[in-house]
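So the structure is just underneath, and the comments pick up after that.
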Amino acid sequence: MDFKVQKRSIEILYKLLDGKNGITSYVTYEPQKLAFCPEIKDSEELIRATPESQGISSRYIQSLLQELEEDKEVNLHNIMIARNGCIIAEGSFYPYQRQIWQAVYSLSKSVTGMAIGMLIDEGKLKLEDRVVDLLKPYTNSITYLKHKSLTVRHLLTMSSGVVFNETGAIADDDWIRAYLESNNKFSHGTQFSYNSMNSYMLSAIVTEICKMPMMEYLRPRLWDVLGIHQVYWEVCPQGINKGGWGLYLTIEGMVKLGQLMLQKGVWHGKRILSEEWVTQATQKQINTGENNGYAYGYHNWVSEKEHAYQFNGMLGQNVIIYPDKQMVIATTSGNDELFMDCPMIDKIQAYFGMDWMPEQQMEENFSDYQSLKLYEARLGRHRGKQNIASSANRGWKQKGIHKTKEETEWKLKKISEKQKELLHFSKKMDGTCYKMETTRGAFVPVFWQTVHNNYSEGIQQIRFSRENGKFFWHVLEGVEEYRIEIGMETASIQTIDYHGEAYLIAVTGALAKNEDGIPVLKIEIPFLETPHTRTFKIFFEKEDEIRVVANETPGKLLIRQALNSVMDPEKAGFIQNILAKLDPEFFQYKLRFAIEPEIIGKKQN
Numbered sequence: 000m001d002f003k004v005q006k007r008s009i010e011i012l013y014k015l016l017d018g019k020n021g022i023t024s025y026v027t028y029e030p031q032k033l034a035f036c037p038e039i040k041d042s043e044e045l046i047r048a049t050p051e052s053q054g055i056s057s058r059y060i061q062s063l064l065q066e067l068e069e070d071k072e073v074n075l076h077n078i079m080i081a082r083n084g085c086i087i088a089e090g091s092f093y094p095y096q097r098q099i100w101q102a103v104y105s106l107s108k109s110v111t112g113m114a115i116g117m118l119i120d121e122g123k124l125k126l127e128d129r130v131v132d133l134l135k136p137y138t139n140s141i142t143y144l145k146h147k148s149l150t151v152r153h154l155l156t157m158s159s160g161v162v163f164n165e166t167g168a169i170a171d172d173d174w175i176r177a178y179l180e181s182n183n184k185f186s187h188g189t190q191f192s193y194n195s196m197n198s199y200m201l202s203a204i205v206t207e208i209c210k211m212p213m214m215e216y217l218r219p220r221l222w223d224v225l226g227i228h229q230v231y232w233e234v235c236p237q238g239i240n241k242g243g244w245g246l247y248l249t250i251e252g253m254v255k256l257g258q259l260m261l262q263k264g265v266w267h268g269k270r271i272l273s274e275e276w277v278t279q280a281t282q283k284q285i286n287t288g289e290n291n292g293y294a295y296g297y298h299n300w301v302s303e304k305e306h307a308y309q310f311n312g313m314l315g316q317n318v319i320i321y322p323d324k325q326m327v328i329a330t331t332s333g334n335d336e337l338f339m340d341c342p343m344i345d346k347i348q349a350y351f352g353m354d355w356m357p358e359q360q361m362e363e364n365f366s367d368y369q370s371l372k373l374y375e376a377r378l379g380r381h382r383g384k385q386n387i388a389s390s391a392n393r394g395w396k397q398k399g400i401h402k403t404k405e406e407t408e409w410k411l412k413k414i415s416e417k418q419k420e421l422l423h424f425s426k427k428m429d430g431t432c433y434k435m436e437t438t439r440g441a442f443v444p445v446f447w448q449t450v451h452n453n454y455s456e457g458i459q460q461i462r463f464s465r466e467n468g469k470f471f472w473h474v475l476e477g478v479e480e481y482r483i484e485i486g487m488e489t490a491s492i493q494t495i496d497y498h499g500e501a502y503l504i505a506v507t508g509a510l511a512k513n514e515d516g517i518p519v520l521k522i523e524i525p526f527l528e529t530p531h532t533r534t535f536k537i538f539f540e541k542e543d544e545i546r547v548v549a550n551e552t553p554g555k556l557l558i559r560q561a562l563n564s565v566m567d568p569e570k571a572g573f574i575q576n577i578l579a580k581l582d583p584e585f586f587q588y589k590l591r592f593a594i595e596p597e598i599i600g601k602k603q604n
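Right under this line is the structure:
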């Protein structure tokens, strides 16, 4: 089983690196991603309060937000800060919005851990229960012998040692069978080895015990109690919630989950999780062997140094809980890092880590609070990084305000000129069509295609049109044509149907000339419910020809880290041995070719 899965994974990886489209999937594709529905509202919002009323300076928080915005290695989408159960700061970076759910990747694991805690509290499950006993319908004599000592505790602490991991999710339909038939790389419970399939197996156990999907088990016990209704969890080909990933939450929903744990499992006087379980789940249960200062609890990351614990999802989806400070901080991002060792977390820890403690209460400062609220509002209106006042001393410099105002006025004038150029260009391009010489590249980010088993057939043709004063870009992939409105003044927020899955996107266009004076149309497409952004640059180098260069963020660094994480010698020796035979420069070239394909289009008459 391990060899077959690894062989299939290599085939998919090779095709991705070779820029080939129309990948043959080994997992049955069923559309899962639901359309975001803004009409669905959470039935309860957390209380808003001034930072000063909760013992923190508005100026101090604004300084953190400035540092996060200025850092080019940080790609923050949303942030929300709570103390004593009150929201004291919240910011959404344009074009992201706090009301829109986002895929939180491995942060899902902490919620799966909550479901396990509930079953243990109900007396339906024990930490020492064996997986082969809990999943008897999926067990045979061979799998029993392989995993007879594997327990729920081992799954929770990432110490199962089972080889079948995340890569198997794209290479096999039956994940339970593949997991149980897989070999072990070490004895159960003896080492830490991060594996999202451990979380999936916990979800399968919840489903088997309750005779319902984990999502439905949690609905009356967690989601409804916390008033979280803007939530969704994907399922595997067998209809089981993925457990280790696939969960969609809003930023406020994330804060609520952190607040529940901070309150030792109680919400408005109702006990949802026992205090005993919360304590055990959020303290060190196993050493990770990593140098990042984090241990692992029951599906939570624990920082004993910072007196904190985290729900963590790759690319910057985090809930950080500081029990001694009564604080919860949640983020959604599009960073390149897979885990907690990243500039964004470093900055947050520098402000709120062990060397800092809030006051009980501070005197209200209307001026500072108003400045913070204006700053938060500006984040939601402006695009990109702003050249704002330095915050090296964690203080607001008044001269920075005037400088920013003057620069903003100048930028608005330049933007207006650019918009006129783009408007003129849209009229010129109306009805123009280009056929691609090779079928490469995709409208949807490569990383997201792989995670969702939703592969592109490659871009075959693009054309432009202008309708009722709006500029449209038409992309033909296979038999499907996607009609995308290009925002000229602000991002055009729209939903596309991609092979039956609905994606909310924000599209902006900008026209410029490169150093050689060649017109370049840049189209930027953040996928608002994900950490991912797809960017296209179309170079009009010849009268009858264009060159299209695609890119995505997070990009090459992410893919390289992901390969290192899931394909190291301990986790997948077969794959590692093949990758080791590739010339490093050639591998980097192929990786760039996959993430940043270049395709030539010929003008059609």
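Numbering (numbering that gives the first Met the number 0), first residue to last: 0 to 604. Beta carbons: idealized from backbone N, C-alpha and C, even for Gly.
Would you mind sorting PHE365 into buried or exposed? The rule is 16 or more other CB atoms within 10 Å of its CB.
-> Taking the first residue of the sequence shown as 1, we reach residue 365 at position 366. Classification of PHE365: exposed, given that the 10 Å Cβ count is below 16.
Residue burial classification, PHE185 (beta-carbon count within 10 angstroms, cutoff 16) = As a working mapping, residue 185 is identified with position 186 in the sequence shown. Classification for PHE185: exposed.
Inter-residue Cα distance where the pair is THR489 and ALA509 | Looking up residue 489 in the sequence shown gives position 490. Looking up residue 509 in the sequence shown gives position 510. Roughly 11 Å separates the two Cα atoms.
At which residues does the alpha helix (DSSP H) containing MET117 begin and terminate?
-> Here residue 117 is taken as the residue at index 118 of the sequence shown, counted from 1. Element bounds for MET117: 107-120.
So is SER332 buried or exposed if we call it buried at 16+ other beta carbons inside 10 Å?
-> If you number the sequence shown from 1, residue 332 lands on position 333. Result: buried.
Considering only C-alpha positions, which residue in the set GLN53, VAL161, ASP173 and LEU154 is nearest to LYS324?
-> Within the sequence shown, the letter at position 325 stands for residue 324. Comparing Cα positions, the closest option is GLN53.
Determine the burial state of TRP174: buried for a count of at least 16 other Cβ atoms within 10 Å of its Cβ, exposed for fewer.
-> Counted from its first residue, the sequence shown places residue 174 at position 175. Classification of TRP174: buried, given that the 10 Å Cβ count is 16 or more.
How many angstroms separate the CA atom of TYR143 from the CA atom of GLU275?
-> Counting from one through the sequence shown, the residue named residue 143 turns up at place 144. Counting from one through the sequence shown, the residue named residue 275 turns up at place 276. Distance between the alpha carbons of TYR143 and GLU275 is about 32 Å.
Exposure of LEU261, with buried meaning 16 or more beta-carbon neighbours within 10 Å | Within the sequence shown, numbered from 1, the residue matching residue 261 stands at position 262. That one is buried.
What does a CB cutoff of less than 7 Å around GLN284 pick up in its chain, not counting 5 residues either side in sequence?
-> In the sequence shown, the residue the question calls residue 284 occupies position 285. The answer, listed in chain order, is THR156, TYR295, GLY296 and TYR297.
Give me the Cβ distance between VAL445 and ILE594, rounded to the nearest whole Å; I'm assuming they're in contact under 8 Å.
-> Translated into the one-based positions of the sequence shown, residue 445 becomes position 446. Translated into the one-based positions of the sequence shown, residue 594 becomes position 595. Confirmed, about 6 Å.
Euclidean distance between Cα positions of GLY572 and PHE163 = Here residue 572 refers to the residue found at position 573 when the sequence shown is read from its first residue. Here residue 163 refers to the residue found at position 164 when the sequence shown is read from its first residue. With a pLDDT of 45 at GLY572, under the threshold of 50, the predicted position of this residue should be treated as unreliable, and no value is reported.
Inspect the beta-carbon positions of ASN74 and ASN291 and report whether they are closer than 8 Å.
-> Your numbering for residue 74 matches position 75 in the sequence shown. Your numbering for residue 291 matches position 292 in the sequence shown. Cβ atoms of ASN74 and ASN291: not closer than 8 Å.
Specify the secondary structure class of THR331 as computed by DSSP and reduced to three states.
-> For the purposes of this step, residue 331 is identified with residue 332 of the sequence shown, where counting begins at 1. Three-state DSSP puts THR331 in a strand.
Enumerate in chain order the residues of its own chain whose CB-to-CB distance from TRP100 is below 8 Å, with the five nearest sequence positions on each side excluded.
-> Residue mapping note: residue 100 aligns to position 101 of the sequence shown, counting from 1. Within the same chain, TRP100 has close Cβ partners PHE35, GLN229, VAL230, TYR231, TYR247, LEU248, THR249, GLY252 and GLU528.
Just checking my contact of LEU126 with VAL110 at CB under 8 Å: how many whole Å lie between their CB atoms?
-> Numbered from its first residue, the sequence shown carries residue 126 at position 127. Numbered from its first residue, the sequence shown carries residue 110 at position 111. In fact, because the Cβ distance is near 18 Å, the residues do not count as touching under 8 Å.
If you draw a straight line from the C-alpha of ASN299 to the C-alpha of ASP515, how long is it?
-> The residue labelled residue 299 in the question sits at position 300 within the sequence shown. The residue labelled residue 515 in the question sits at position 516 within the sequence shown. Between ASN299 and ASP515, the C-alpha separation is close to 52 Å.
Below 8 Å, can you find three or more Cβ-Cβ pairs linking the region 495-507 to the region 211-219?
-> no
Residue from ALA170, GLY167, VAL161 and MET211 whose Cα sits closest to the Cα of THR189 = Translated into the one-based positions of the sequence shown, residue 189 becomes position 190. Taking only the C-alpha atoms, the option nearest THR189 is VAL161.
How many Å lie between ALA549 and TYR433 at the Cα?
-> Residue numbering aside, residue 549 sits at position 550 when the sequence shown is read from its first letter. Residue numbering aside, residue 433 sits at position 434 when the sequence shown is read from its first letter. Rounded to whole angstroms, ALA549 to TYR433 spans 16 Å at the Cα level.
Are at least three pairs of beta-carbons, each pair with one atom in the region 133-142 and one in the region 204-212, less than 8 Å apart?
-> yes
So, is VAL478 buried or exposed, given that buried needs 16 or more other C-beta atoms within 10 angstroms?
-> By one-based count along the sequence shown, residue 478 stands at place 479. Exposed: under 16 other Cβ atoms inside 10 Å.
When you compare only the Cα positions, how much space is there between LYS621 and ILE517?
-> The structure shown has nothing for residue 621, since the chain only spans 0 to 604.
Out of ARG439, HIS187, ASN467 and PHE463, which has the shortest C-alpha to C-alpha gap to TYR454?
-> The residue labelled residue 454 in the question sits at position 455 within the sequence shown. Selected option, being the one with the closest Cα: ARG439.
Identify which residue in MET435, GLU500 and ILE227 has its Cα closest to the Cα of PRO30.
-> Position 31 of the sequence shown, counted from the first residue, corresponds to residue 30. When only C-alpha atoms are compared, the closest one is GLU500.
Buried/exposed call for LEU314, threshold 16 Cβ in 10 Å | Locating residue 314 in the sequence shown gives position 315, counting from the first residue. Buried, by the Cβ-count rule.
Hey, VAL224 and LYS269 are a contact pair by Cβ (cut 8 Å); roughly how many whole angstroms apart?
-> Along the sequence shown, read from residue 1 onward, the residue named residue 224 stands at position 225. Along the sequence shown, read from residue 1 onward, the residue named residue 269 stands at position 270. Sure, about 6 Å apart at Cβ, within 8 Å.
Among the residues of its own chain, which have a CB less than 6 Å from the CB of PRO219, if the five just before and after it don't count?
-> Looking up residue 219 in the sequence shown gives position 220. Once the five neighbours on either side are set aside, PRO219 has no close Cβ partner at all.
Check whether the Cβ atoms of MET343 and ASN311 lie closer than 8 Å to each other.
-> By one-based count along the sequence shown, residue 343 stands at place 344. By one-based count along the sequence shown, residue 311 stands at place 312. No, Cβ-Cβ distance for MET343 and ASN311 is not below 8 Å.
6 Å Cβ shell around TYR616 - same chain, five flanking residues per side excluded | Outside the shown range of the chain (0 to 604) lies residue 616, about which nothing can therefore be said.
Excluding the five sequence neighbours on either side, which residues of its own chain have a C-beta within less than 6 Å of the C-beta of MET428, listed in chain order?
-> Position 429 of the sequence shown, counted from the start, is the residue given in the question as residue 428. The residues are PHE463.
Under 6 Å Cβ to Cβ from ARG47, same chain only, skipping five residues before and after it: list those, please.
-> Working through the sequence shown from its first residue, we reach residue 47 at position 48. ILE86.
So which of GLY554, VAL103, VAL131 and LYS512 has the shortest CA-CA distance to ILE537?
-> One-based indexing of the sequence shown puts residue 537 at position 538. The residue with the shortest Cα to Cα distance from ILE537 is LYS512.
Of the residues VAL103, ALA170, LYS304 and LEU179, which one's Cα is nearest the Cα of PRO236?
-> Locating residue 236 in the sequence shown gives position 237, where the first residue counts as 1. It is ALA170 whose Cα lies nearest to the Cα of PRO236.
Any alpha helix (DSSP H) of 4 or more consecutive residues that is wholly inside the region 307-357 | 342-351
Within the same chain, show all residues whose beta-carbon is closer than 7 Å to that of ASN83, passing over the 5 residues directly before and after it, in chain order.
-> For the purposes of this step, residue 83 is identified with residue 84 of the sequence shown, where counting begins at 1. Excluding positions up to five away in sequence, the list reads GLN53 and GLN325.
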